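Read the structure below first, then the notes.
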Amino acid sequence: MASDAHQAALRLDGPAPDPAEGVFETTLVVDGRAVEVDAHLARLEASLQVLYGEPLPSDARSLIADGAAGLALGRLRLTAAPGAEPNVRVAEVDAALVFPEQADDLAPVTVRGGIGAHKWVDRRLLDRAQEELEPALPLVLDADGAPLETSRGNLFVVHDGAVITPALDGRLLPGIARARAIEVARTAGIEVIERPLTLDELVTADEVFTTGGVRGLEPIRRCVGLGEWDSGEFTARVRAGLQRAWLGADDSS
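At position 202 of the sequence shown the residue is numbered 1056 (the numbering used here), and the sequence of numbers has no breaks.
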């Protein structure tokens, strides 16, 4: 079944992201405070250094603080590009979208080598996949069928009492929410394994969830052609820990 689904996955080929458009960070804002600022700035700084040999803009932290001020619940996006001033955009977010109760549907899309370890402004491939697969979210597979991540989050599966997430091997984004979810899971006594994930392991998983910088943790209900899963104990425990870290509560109401 997994092999057949891999063969049937939408295959995307196209130009690599245009580096001239820059990279960005998006974070949740709660009560006028951006979440995980240090981690987001560290990731942005690493990308700017590797891609352009440029430092983090000196006003990046103050731009985030000013943009978040006065926003009760929302998202903040900081964009940096070579030769351009950094800019911040903010928007309110519906509370129902933060740690949502409703599970998502996925559909597989093959991108050779994955999307990579940087959060590119140029998201043409993912935007194209989203248009073709709506209302499902794109699940990015490598050419060998290895599940990597979704179009907006890192992937986790539960197998035999352990949580497995694809390793940071350069093919996927080193998510800020991913790192925090791993931390809270281990603190809760849950075994977390970081290694390449196979399509068969996704198909036979007990639970599947994703993490992202604004929505937090999202349970996954099904993936077209692959399977369906329940949102169970492990999803709930990691969700509760991440909520406490970000919101100071076990729910977003």
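Heads up, the beta-carbon is just placed ideally off N, CA and C, and yes, glycines get one too. Every value quoted in this text rests on a predicted model; they were computed, and no experiment measured them.
Keeping to the same chain, check which residues put their C-beta closer than 8 Å to that of S1107; ignore five residues upstream and five downstream.
Position 253 of the sequence shown holds residue 1107. Residue confidence is low: S1107 scores 37 on pLDDT, short of 50, so the model does not pin down where it sits. Its coordinate-derived value is still stated next. Excluding positions up to five away in sequence, the list reads A949.
N- and C-terminal bounds of the alpha helix (DSSP H) containing E890:
In the sequence shown, the residue the question calls residue 890 occupies position 36. Counting along the chain, E890 falls outside any alpha helix (DSSP H), and DSSP gives it neither H nor E.
Return the chain-ordered list of same chain residues with a C-beta closer than 7 Å to the C-beta of A1059, the five sequence neighbours on each side being excluded.
Position 205 of the sequence shown holds residue 1059. Excluding positions up to five away in sequence, the list reads V1011, V1012, H1013, W1083.
Can you list the beta strand (DSSP E) stretches of 3 or more residues lying completely in the region 973–1040, in chain order?
991–995, 1001–1004, 1008–1013, 1016–1019
Excluding sequence positions up to five away, which residues of its chain have a Cβ less than 6 Å from the Cβ of Y906?
The residue given as residue 906 occupies position 52 in the sequence shown. Closer than 6 Å at the Cβ level, and outside the excluded window around Y906, lie P936.
Which whole-angstrom value is the C-beta distance of V994 and G968, which I expect to be below 8 Å?
Here residue 994 refers to the residue found at position 140 when the sequence shown is read from its first residue. Here residue 968 refers to the residue found at position 114 when the sequence shown is read from its first residue. Yes, V994 and G968 are in contact; Cβ-Cβ is about 6 Å, under 8 Å.
Counting C-beta neighbours from all protein chains within 10 Å, is the total for P909 16 or more, i.e. buried, or is it exposed?
Looking up residue 909 in the sequence shown gives position 55. That one is exposed.
With DSSP as the reference, identify every bridge partner of G1070, one or two as the case may be.
In the sequence shown, counting from the first residue as 1, residue 1070 sits at position 216. DSSP lists G1066 as partners of G1070.
Beta-carbon spacing of L979, L866 below 7 Å:
Taking the sequence shown and counting its residues from 1, the one referred to as residue 979 is at position 125. Taking the sequence shown and counting its residues from 1, the one referred to as residue 866 is at position 12. Yes. Within cutoff.
Per-residue DSSP class, three states only, for V904:
Counting from one through the sequence shown, the residue named residue 904 turns up at place 50. Helix.
Environment of D996 [buried if 16+ CB atoms lie within 10 Å]
What you label residue 996 is simply residue 142 of the sequence shown in a count that begins at 1. Buried, since its Cβ has 16 or more Cβ neighbours within 10 Å.
Would you identify the three-state DSSP class for L925, choosing helix, strand or coil?
Locating residue 925 in the sequence shown gives position 71, where the first residue counts as 1. Three-state result, L925: coil.
Going by C-alpha to C-alpha distance, which of A1090, V1078, F1088 sits closest to V963?
By one-based count along the sequence shown, residue 963 stands at place 109. With distances taken between Cα atoms, V963 lies closest to V1078.
Could you tell me whether the region 931–946 touches the region 869–885, using the rule of 3 or more Cβ pairs below 8 Å?
yes
Name the DSSP beta bridge partners of P954, please?
Start at 1 with the first residue of the sequence shown, and residue 954 comes out as number 100. Paired residues: none, contrary to the question.
Between the alpha carbons of L1101 and R929, how many angstroms are there, rounded?
For this step, residue 1101 is matched to residue 247 along the sequence shown. For this step, residue 929 is matched to residue 75 along the sequence shown. Rounded to the nearest angstrom, the two C-alpha atoms are 14 Å apart.
S1107 - DSSP class collapsed to helix/strand/coil
One-based indexing of the sequence shown puts residue 1107 at position 253. Here S1107 scores only 37 on pLDDT, less than 50, and its place in the model should not be relied on; the value that follows carries that caveat. In this structure, S1107 counts as coil in the three-state DSSP scheme.
Please classify E986 as buried or exposed, where buried requires at least 16 other C-beta atoms within 10 Å of its C-beta.
Position 132 of the sequence shown, counted from the first residue, corresponds to residue 986. Exposed is the call here.
Does the distance from the CB of V883 to the CB of L925 come in under 7 Å?
Residue mapping note: residue 883 aligns to position 29 of the sequence shown, counting from 1. Residue mapping note: residue 925 aligns to position 71 of the sequence shown, counting from 1. For V883 and L925, yes; Cβs fall inside 7 Å.
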